[in-house]
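Per my numbering, residue 468 is the first one in the sequence shown, and the count goes up by one each step.
Written below as structure tokens is the structure these notes are about.
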Amino acid sequence: MLINKLILLLVTFEVIGCCSAYRILGIYSLPIKSHFIMINQLFKGLIEKGHNVDLINTFPLNGNNTSYKQIMTLPDHSVLTSKTLRIDEFVVNFNSNYSLMGLLGNAICKNIGHPELLKLAENPPKDPPYDIIILHMMNYHCYMILAHRWNIPVVLVSTTAMYPWMHDMIGNPENIAFSPNNMKTVPEGNGFWARLVNAYIFYRLKFSYLYLTQYQSDLLKKYYGPDAPNIRELEQSVSLVLMNTYFPINGVKSLTTGVVEVGGLHIKNDGLELDVDLKKWLDDSKDGVIYFSLGSMFRIETFPDHVLDIILESLKKLAPVKVLMRIVKLEELTKKLPSNVHTLPWIPQEKVLNHPNVKAFITHGGLLGTQEAVFYGVPMICIPLLADQWTNAQNYVRLKVATVVDFRYMTQKEFDQAIDNILKTPEYGENAKRLSKLFRDRPRSPQSTAIYWIEYVIRNGKNSLRSPAMDLKWWQISLFIKRLISFKRSESKKRR
């Protein structure tokens, strides 16, 4: 009798597990692999919970299985490629261009007319159907048309803090008086000039994006019929935003309920272990190691010659401290490397940052890599190149866990000082350890938090987290009419 009850109980649990498994369509159409690291980790967590994920992206997925499989590979129409970019050709143009993000999104959205995608839109799977779409939040939200056609929720995953055009999509306060624009550098501090410059950059970026991406509305109507919603209507139908921030790093901000911070979700320290030779090299580096990497998107060897001269001269002076540097194409490096510099084309970054002999990290300031440095308590020397890297670097300088240099105006003295400050001032290392504790201190892991809220939206409906601000116009939210009336009354009293 007892055995029968146990069997019945096990069957019940199995049925419950079966019925709570959801089918998810994931879309990542940006041809840059580094941003996919976070989203891929989220999808892995979902399949560990028993859900099924179908993926649409622009490069092959490693390790397809029955629960997590790539169903479509889209072509790359963007100005970017999944390969690394030359710093001297791309960065300067990006930083002076307020239109590039909108134009990039438009190029990516050309794929909504891809025959396979149109076929999927018309004939989605029905046994079982999709329960939700998870889409990368950046500049190509045109793919939300699939959720509109199928009447299912959309979760957007922002691999950075919010860019200026994203707040209106979920009814989130913009916070421009004290929150940086997240795209371009602004003067330090919170004085009038800094706030004015930040507001100018914020709104110029926002309205440039809104104007340029109207083109996506034309694409939607071209491929999905004249009754297709425009891009702004699609964007404002989002159910949940998972944002790659956490307040100990990014600061305390007003966030609507539909925006959930999951900063550091990608940090797992899984994957390949340190190989024997690299582990021995790190273990033997008793005087300490500086790790130097610009991520997967940019190559150190493509710095302008005068910048490379400064960097290599500074690294040479560090001996007996050693430097582990990621150089993808050593044959393209025209400069002689100092004897204390060891290079590899690929490095298991988390494993290296977690090594006790690593004393500092020279980085471009990308959010994923710097979050890993924070997690493992490693202070940084930031050389920001573009986009949110400037804001990230400023955050870490404010928290006194990093120094920053602008490669466009870098001098030998400045770069020497930036490294010396990190290595010779104990405060930076102590602050990095303290920030690591704050970054880890949470009620549940970032991945568990993200999965909970995804399941919450599926269970409770696509409008379950919708802000009332989404149903008001800007002038209603800002109480513009009320303020105008108050101003006129004040003026009338002055005249009396």
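Beta carbons are placed, not taken as given, at the ideal position from N, Cα and C, and that holds for glycine.
It should be emphasised that the depicted structure is a prediction, and the values quoted were computed from it without experimental measurement.
* Measuring CA to CA, which of V795, W660, D750, E700 is closest to Q683? -> Taking the Cα of Q683 as reference, the smallest distance to any Cα among V795, W660, D750, E700 is reached at E700.
* How would you write the range of the beta strand (DSSP E) that A869 sits in, first residue to last? -> DSSP places A869 inside the beta strand (DSSP E), whose first and last residues are 869-871.
* Asked: Can you give, in chain order, each stretch of the beta strand (DSSP E) that sits fully within the stretch 857-936 and has at least 3 residues?
  -> With a minimum length of 3 residues, the continuous beta strand (DSSP E) runs that stay inside the stretch 857-936 are 869-871.
* Asked: Can you list, in chain order, the residues of its chain whose CB lies under 7 angstroms from that of E799, leaving out five sequence neighbours each side?
  -> So the qualifying residues of the chain are E768.
* To do: Express the C-alpha separation of N639 and A887 in angstroms, rounding to a whole number.
  => In the sequence under discussion, the amino acid at residue 887 is Asp, which differs from the Ala named in the question. In this structure, the alpha-carbon of D887 lies about 41 angstroms from that of N639.
* G493 lies in the beta strand (DSSP E); which residues open and close that run? -> Taken as a continuous stretch (DSSP letters only), the beta strand (DSSP E) holding G493 covers 490-495.
* To do: Thinking L785 and I757 are a contact (beta carbons under 8 angstroms), I'd like their distance in whole angstroms, please.
  => So it is a contact: roughly 7 angstroms between Cβ atoms.
* **Q703 (DSSP reduced to helix, strand or coil)** => Residue state, collapsed to three classes: coil.
* Asked: Across which residues does DSSP place R793 in a beta bridge pair?
  -> In the DSSP output, where bridge partners are listed per residue, R793 has L811.
* Among W632, A628, N665, Y713, the one whose alpha carbon lies nearest that of F645 -> Measuring from the Cα of F645, the nearest candidate turns out to be N665.
* To do: Indicate whether the contact test is met: 3 or more Cβ pairs, each with one atom in the stretch 716-734 and one in the stretch 505-518, closer than 8 angstroms.
  => In short, these stretches touch, since the Cβ pair count reaches three.
* So, helix, strand or coil for S806, using DSSP? -> Of the three classes helix, strand and coil, the one that applies to S806 here is coil, per DSSP.
* To do: Using alpha carbons as the reference points, say which of M633, S752, S912, T878 lies closest to H773.
  => Here the closest residue by C-alpha is T878.
* With DSSP as the reference, please indicate the residues paired to T830 in a beta bridge. => Answer is S760, C849.
* **D685: first and last residue of the uninterrupted alpha helix (DSSP H) it sits in** => Counting along the chain, the alpha helix (DSSP H) containing D685 begins and ends at 681-691.
* Roughly how many angstroms lie between the CA atoms of T795 and T724, to the nearest whole one? -> A quick correction: the sequence has Val, not Thr, at residue 795. The alpha-carbon atoms of V795 and T724 are separated by roughly 42 angstroms.
* In the DSSP assignment, what residue or residues form a beta bridge with N524? -> Note: N524 sits in a beta bridge opposite Y495, T540.
* Asked: Excluding five sequence neighbours on each side, which residues of the same chain lie with their C-beta closer than 7 angstroms to the C-beta of A488?
  -> Taken in chain order, the residues that qualify are G517, H518, N519.
* Asked: Apart from the five residues on each side of it in sequence, which residues of its chain come closer than 8 angstroms, Cβ to Cβ, to S903?
  -> Within the same chain, S903 has close Cβ partners V841, F842, Y843, G844.
* **Coil, strand or helix - H518 by DSSP** => Residue state, collapsed to three classes: coil.
* Asked: Under 8 angstroms between the Cβ atoms of Y535 and H603?
  -> Cβ atoms of Y535 and H603: not closer than 8 angstroms.
* To do: Going by DSSP, name the residue or residues bridged to F417.
  => Any question about residue 417 goes unanswered here, given that the chain covers just 468 to 963.
* **Three-state class that DSSP yields for Y597 in the structure shown** => Of the three classes helix, strand and coil, the one that applies to Y597 here is coil, per DSSP.
* Name the DSSP beta bridge partners of H603, please? -> V624, per the DSSP bridge assignment.
* Buried versus exposed, by CB contacts within 10 Å (16 or more), W660 -> Of the other Cβ atoms in all chains shown, fewer than 16 fall within 10 Å of the Cβ of W660; this residue is therefore exposed.
* Asked: What span of residues does the beta strand (DSSP E) with V726 cover, start to end?
  -> It spans 726-728 - the beta strand (DSSP E) in which V726 sits, taken as one unbroken run.
* Spatial neighbours of I698 within its chain, please: CB distance less than 8 angstroms, with the 5 preceding and 5 following residues excluded, ordered by chain position. => Closer than 8 angstroms at Cβ, skipping near neighbours: H608, C609, T680, Q681, Q683, S684, L687.
* For N524, which option in G530, Q537, I514, V622 has the closest C-alpha, if you only look at C-alpha atoms? -> When each option's Cα is compared against that of N524, the closest is Q537.
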